[in-house]
Every structure is written in C-alpha cells, then in structure tokens.
Amino acid sequence: MEDEVVKTQVETKRNDPLLWQALFEKAVEMASSVDVEPTFPRAGRQQNRPNAPAATAFDYWRVNMYLPFADHLLAELQQRTAFTRK
C-alpha cells in the first residue's frame, strides 16, 4: 500500500515540468556562485553516456539525466516491492 503511494509520488514529480525547472534553476544558481555556466556536451560520437538531442542545456540535462534517473528510481522501487511481496 505505502509502496504504491511512493511510486505515485515519484511518477508525479517525474512528470512535473515545474519541479524540473525549479531543480535546474537551483543548480544554475549554485553553479553561478562558482562562476560556472550551464552547458551541455557538443553532439558527437559518445559511446559511454547518453546523447539524446537537445536544443538547450535545460532540455539536455532533463532528457539525459533527470528523466533516466527518475525512471531508474521507479524501476528499483517496483523491483523492491515485488521482491518483498514474495
């Protein structure tokens, strides 16, 4: 029961564009305090990391880091709850 609530909350937060915007703005704020500008890798031949196309740093980090991490978290929660139900 509680596991379904947690999974629903994670799914809701994963799909909330305002949450991602707030997280990204906080990261940009922290980076600017040490004189780092938000960028993303140039498109090229990358074998060991994701390289989904994106027009901005905001989109790049959402598509290549935030969404895969949220998906991984959901998969782990699902696997853990399936294991505990046995």
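Under this note's numbering, the residue at position 74 of the sequence shown is numbered 74, and the numbers go up by one with no gaps.
Positions of the beta carbon are idealized from the N, C-alpha and C atoms, including for glycine.
Helix, strand or coil at N64 according to DSSP, with G and I counted as helix: helix
R80 classed as buried or exposed, judged by whether at least 16 other C-beta atoms fall within 10 angstroms: exposed
Give a yes or no on contact between the stretch 58–77 and the stretch 4–23, applying the rule of three or more CB pairs nearer than 8 Å. yes
DSSP state of A75 mapped onto helix, strand, coil: helix
Along the chain, where does the alpha helix (DSSP H) containing T8 start, and where does it finish? 2–14
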